[in-house]
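Protein sequence lines, in the order shown, are assigned to chains A and B.
Mapping of the first sequence onto my numbering: residues 499 to 853, in sequence order.
Mapping of the second sequence onto my numbering: residues 52 to 311, in sequence order.
C-beta: ideal position from N, C-alpha, C; glycine also.
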Amino acid sequence: MSRLAPIRPLLAPVLLIVLVTLVGSLTSTATQQNFITALVSVTIVIGLYVFMGNSGVISFGQVSFVAIGAYAAGELTIPTGPKHYVLPGLWSFIAEHSVGNLPSLAIAAGLGALYALVVGLPLMRLSGLSAGIATFAVLEITYNLLTFWPKIAPQSGQTLSLVPTTTGLTQAAAGAIVAAVVAFAYQRSRRGRLLRASREDQSAALAIGVDIHRERLIAFTLSGAVSGLAGGLLVHQIGSITPSQVYLELTFLTLAMLVVGGTGSLWGATVGAVLVSLLDSYLNQAENGLHLGLFKLTLPSGAADLILGVLLTAMLVLRPRGLTGGREWQLGRPRVSKIRSASAMSYLGRGRARR
Amino acid sequence: MGTSGASRDGGSSGARLRATDVARAFKGVQALEGLNFELGRHEVVGLIGPNGAGKTTLINVITGFDRPTAGAIELDGVDVTGWPASRRARAGLARTFQQGRVFGELTVQENVELGALGVGAGAHQARARADELLSIMQLADHAKLPASLLAHGEQRKVAVARALASRPRYVLMDEPAAGLFESDISAFAEVIRSVRDGYDAGVLIVDHNMALIMAVSDRIEVLDQGRSLASGTPEEIRRNIDVAAAYLGASGVTAERERG
Ligand SMILES: Nc1ncnc2c1ncn2[C@@H]1O[C@H](COP(=O)(O)OP(=O)(O)OP(=O)(O)O)[C@@H](O)[C@H]1O
Ligand SMILES: [Mg+2]
């Protein structure tokens with residue numbers, strides 16, 4: 499057990515991903531989509547977490563990188579024959595080249611990173627409210643580019659279709675595990691630790707030599723890569739994509755996942771993504787009638803989003819650090835509450851002895 | 052005392068931390084005015100003065116947390132006036148804060164390791180330095196506790212250890228002994244001396260504990276209303292009547308009585 503100690507916080511997220519995969523493999527093909535969606539959500543939310551969790555800066559723009567990844571992986575895997583037909587205005591470079599599933603995911607991650615780096619250069623100087631607004635503007639810009647620029651996407655926001663559906667349970671699980679490993683490796687690294695320190699106290703971080711702007715940019719770029727990968731997984735799951743599928747609703751949903759799980763930890767990101775994604779899938783199904791054993795549950799339209807909104811609000815009020823309290827899962831470690839009382843005791847003792 | 056390094060300064064070598072003619076004005080308040088200050092390697096300088104004298108402002112201006120309205124800062128012959136704080140830190144200029152500012156959620160050990168990581172040390176080196184400093188500062192028992200759980204004085208010791216983990220050329224400490232038990236002060240004085248002698252660093256220490264300042268300083272600077280009021284060895288300062296009037300006052304008299 500002790501030799502596993504350094505990677506212990508990675509085990510819990512990976513085990514949860516494996517568990518979701520196993521349960522999903524036992525269900526019907528239709529239900530299985532909910533589990534694939536949960537795994538793709540884990541990847542998206544880990545991408546969000548790599549930046550927000552480690553830097554403490556809010557970003558509403560992360561789904562832009564998912565969008566870039568989805569369009570890149572989608573367009574590059576449609577065979578060149580039909581591609582000319584469905585995407586007449588496309589840049590000839592994209593139109594004339596097609597790649598396989600795995601290269602398309604790698605390119606999605608690469609472009610996500612590149613895009614994040616470019617927008618991050620000016621943006622990472624901001625924090626607080628201005629960071630929120632500026633990243634939101636990035637989401638807006640990306641949405642409009644994908645809707646109205648036929649050289650990179652179908653005309654006027656039409657569906658990009660005919661994308662090979664290569665994301666089954668296995669690929670979704672593999673992607674989520676890759677994301678978890680990358681996020682974990684980063685947060686344990688020297689740079690990750692420096693950024694996390696700046697999240698706690700900016701002045702103290704500056705005093706120990708942390709170039710906060712640069713460390714944030716690195717995290718933002720890495721989160722762009724993970725988000726791009728997630729976009730690739732997503733488009734290969736659905737087989738098609740529209741700009742509005744990678745826009746406001748997904749932004750809200752994935753932020754809710756991160757907040758519910760706990761922004762401060764990889765474990766929180768994973769738990770939140772799994773729980774909220776499954777809940778969202780089943781609530782949406784319930785709007786069309788969900789068979790629960792003997793009876794059928796039918797929710798009024800809009801109920802799913804309403805329930806998620808209430809859940810998010812309740813979470814922010816009652817448990818602002820999320821279900822996990824923003825901590826990693828650490829088996830066999832004393833609980834903080836115990837440490838707290840033990841140390842209080844030692845100080846009481848100390849005070850008496852000294853005076 | 053006081054002869055170990057302070058008297059060796061020829062003034063010719065570039066190896067000094069130097070603030071030349073610095074001024075800092077806040078709306079209506081002249082926190083620093085035409086101030087000159089120097090700190091050599093292997094030297095402990097005590098900086099004293101009444102509340103609001105400008106001690107913290109001077110540390111802020113030197114370390115890059117505040118911009119001087121006039122004047123220049125030079126680090127071993129290099130003009131660093133335009134450098135951001137983090138770059139100055141990586142160049143060997145460490146500081147602590149009057150408010151402590153530990154990373155409260157991280158353990159004591161992680162706090163100290165970060166001091167080394169911040170200036171580019173690897174994980175192993177950081178761990179080794181932290182182990183060493185935690186034992187020097189008598190913090191080893193608390194190594195695995197979140198820093199926020201420590202008493203105030205202990206948190207300041209963590210902040211000092213964190214600053215020292217960067218192996219700074221100069222370290223500027225803002226009231227590091229506030230909140231320490233009287234019985235810990237002499238151990239802390241020993242730490243300051245070993246930073247000077249063992250790490251070969253220049254130390255600027257601001258504190259209201261006159262006994263500590265008198266005990267560790269090679270030289271003392273007295274600041275009042277942003278200007279230098281006096282400068283000299285602890286003995287000279289103690290005899291200086293102006294200083295007694297401006298700063299020591301009642302507490303100075305008590306300090307004298309305790310010693311004499
Ligand atoms: N950010 C600020 N804005 C406005 N005035 C300031 C600011 N920082 C310091 N001052 C003023 O500058 C003067 C010097 O303050 P400074 O904090 O440097 O004093 P100090 O010598 O460190 O005092 P203390 O012993 O109380 O810590 C004070 O009059 C203070 O009110
Ligand atoms: Mg002060």
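Inset, instruction - Output the boundary residues of the alpha helix (DSSP H) element that contains Phe-116(B). - result: For the purposes of this step, residue 116(B) is taken as the residue at position 65 of the second sequence. Phe-116(B) -> no alpha helix (DSSP H), and no H or E assigned at all.
Inset, instruction - Would you mind reading off the limits of the alpha helix (DSSP H) that contains Met-550(A)? - result: Counting from one through the first sequence, the residue named residue 550(A) turns up at place 52. 527-553 is the extent of the alpha helix (DSSP H) around Met-550(A).
Legend entry - Near ligand 2: Thr-645(A) beta-carbon under 7 Å from a heavy atom: Sequence index remark: in the first sequence, residue 645(A) carries index 147 (1-based). No, Cβ of Thr-645(A) sits at least 7 Å from all heavy atoms of ligand 2.
Inset, instruction - Please name the residue in Leu-144(B), Ala-210(B) and Ala-140(B) whose C-alpha comes closest to that of Val-159(B). - result: Sequence index remark: in the second sequence, residue 159(B) carries index 108 (1-based). Comparing Cα-Cα distances from Val-159(B) to each of Leu-144(B), Ala-210(B) and Ala-140(B), the minimum goes to Ala-210(B).
Inset, instruction - Could you tell me whether any Cβ in chain B is nearer than 8 Å to the Cβ of Glu-826(A)? - result: Indexing the first sequence from 1 puts residue 826(A) at position 328. Answer no: the Cβ-Cβ gap between Glu-826(A) and chain B never drops below 8 Å.
Legend entry - Listed by chain order, chain A residues near Val-170(B) by CB distance under 9 Å: As a position in the second sequence, residue 170(B) is number 119, starting the count at 1. Here the neighbours are Ile-706 and Gly-707.
Legend entry - Test item: CB-CB of Gly-883(A) and Ala-606(A) under 8 Å: A query on residue 883(A) cannot be resolved here, the shown segment of chain A reaching from 499 to 853 and no further.
Inset, instruction - Pair every Cβ in the region 145-154 of chain B with every Cβ in the region 702-716 of chain A, then say whether three or more of these pairs are closer than 8 Å. - result: yes
Legend entry - Arg-178(B) to Glu-161(B) span [Cα, whole Å]: To locate residue 178(B), count along the second sequence from 1; it is residue 127. To locate residue 161(B), count along the second sequence from 1; it is residue 110. For Arg-178(B) and Glu-161(B), the distance between alpha carbons rounds to 9 Å.
Legend entry - Secondary structure of Met-188(B), DSSP reduced to three states: For the purposes of this step, residue 188(B) is taken as residue 137 along the second sequence, with counting starting at 1. Residue state, collapsed to three classes: coil.
Legend entry - Classification of Trp-765(A) by the beta-carbon crowding that lies within 10 angstroms, buried from 16 upward: Translated into positions along the first sequence, residue 765(A) becomes position 267. Buried, since its Cβ has 16 or more Cβ neighbours within 10 Å.
Legend entry - Chain-ordered residues, beta carbon under 7 Å from a heavy atom of ligand 2: Lys-106(B), Thr-107(B), Gln-149(B), Asp-225(B), Glu-226(B) and Val-257(B)
Legend entry - Any non-hydrogen atom of ligand 1 within 7 Å of Gly-85(B) CB: Within the second sequence, the letter at position 34 stands for residue 85(B). Flag unset: Cβ of Gly-85(B) not near ligand 1.
Legend entry - Length of the line joining the Cα atoms of Ser-279(B) and Ala-266(B): The residue you call residue 279(B) lines up with position 228 of the second sequence. The residue you call residue 266(B) lines up with position 215 of the second sequence. For Ser-279(B) and Ala-266(B), the distance between alpha carbons rounds to 21 Å.
Legend entry - Any chain A beta carbon closer than 8 Å to Ser-217(B): Here residue 217(B) refers to the residue found at position 166 when the second sequence is read from its first residue. It does: the Cβ of Ser-217(B) has a partner Cβ on chain A nearer than 8 Å.
Inset, instruction - Compute every distance between the C-beta of Asn-102(B) and the non-hydrogen atoms of ligand 1, then say whether any falls below 7 Å. - result: The residue you call residue 102(B) lines up with position 51 of the second sequence. Yes - ligand 1 has a heavy atom lying nearer than 7 Å to the Cβ of Asn-102(B).
Legend entry - Beta-carbon proximity of Tyr-641(A) to Tyr-745(A), cut-off 8 Å: The sequence position of residue 641(A) within the first sequence is 143, counting from 1. The sequence position of residue 745(A) within the first sequence is 247, counting from 1. Against a cut-off of 8 Å, the Cβ pair of Tyr-745(A) and Tyr-641(A) comes out as a contact.
Inset, instruction - For my contact list, Gly-446(A) and Leu-821(A) are in at a C-beta cut-off of 8 Å; report their separation, rounded to the angstrom. - result: Absent from the structure is residue 446(A), since the part of chain A shown begins at 499 and ends at 853.
Inset, instruction - Examine ligand 1 and report whether any of its heavy atoms sits within less than 7 Å of the Cβ of Val-80(B). - result: Start at 1 with the first residue of the second sequence, and residue 80(B) comes out as number 29. Indeed, a heavy atom of ligand 1 lies less than 7 Å from the Cβ.
Inset, instruction - Return the chain-ordered ranges of every beta strand (DSSP E) run that is complete within the region 212-261 of chain B and spans a minimum of 3 residues. - result: 221-225 and 253-257
Legend entry - Lys-581(A) classed as buried or exposed, judged by whether at least 16 other C-beta atoms fall within 10 angstroms: Taking the first residue of the first sequence as 1, we reach residue 581(A) at position 83. Lys-581(A) is buried by the Cβ-count criterion.
Inset, instruction - Run the CB neighbour count on Tyr-583(A), radius 10 Å, all protein chains shown included, and call it buried at 16 or more, exposed below. - result: Start at 1 with the first residue of the first sequence, and residue 583(A) comes out as number 85. Tyr-583(A) comes out exposed.
Legend entry - C-alpha distance - Ala-240(B) paired with Ala-611(A), whole-angstrom precision: Counting from one through the second sequence, the residue named residue 240(B) turns up at place 189. Counting from one through the first sequence, the residue named residue 611(A) turns up at place 113. Near 50 Å, if we compare the C-alpha coordinates of Ala-611(A) and Ala-240(B).
Inset, instruction - Pull up the DSSP beta-bridge partners for Arg-270(B), would you. - result: The residue labelled residue 270(B) in the question sits at position 219 within the second sequence. Arg-270(B) pairs with Val-96(B).
Inset, instruction - Starting from the C-beta of Glu-826(A), find all residues in its chain whose C-beta is less than 7 Å away, skip the five residues before and the five after it, and write them out in chain order. - result: Here residue 826(A) refers to the residue found at position 328 when the first sequence is read from its first residue. These residues qualify, in order along the chain: Pro-507, Ser-763, Leu-764 and Trp-765.
Legend entry - Complete alpha helix (DSSP H) runs within the region 593-675 of chain A (minimum length 4 residues, chain order): 599-621 and 626-646
Legend entry - C-alpha gap between Ile-271(B) and Gly-97(B), whole angstroms: Here residue 271(B) refers to the residue found at position 220 when the second sequence is read from its first residue. Here residue 97(B) refers to the residue found at position 46 when the second sequence is read from its first residue. C-alpha separation (whole angstroms): 5 Å.
Inset, instruction - State yes or no: is the C-beta of Phe-88(B) nearer than 7 Å to some heavy atom of ligand 1? - result: If you number the second sequence from 1, residue 88(B) lands on position 37. Flag unset: Cβ of Phe-88(B) not near ligand 1.
Inset, instruction - Verify whether the separation of the beta carbon atoms of Asp-258(B) and Ala-228(B) is less than 8 Å. - result: On the second sequence, residue 258(B) is found 207 positions in, with the first residue counted as 1. On the second sequence, residue 228(B) is found 177 positions in, with the first residue counted as 1. Yes.
Inset, instruction - Could you list which residues in chain A have their beta carbon closer than 9 Å to that of Leu-255(B), in chain order? - result: Counted from its first residue, the second sequence places residue 255(B) at position 204. Going along chain A, no residue has its Cβ under 9 Å from Leu-255(B), so there is no contact; the nearest lies around 14 Å.
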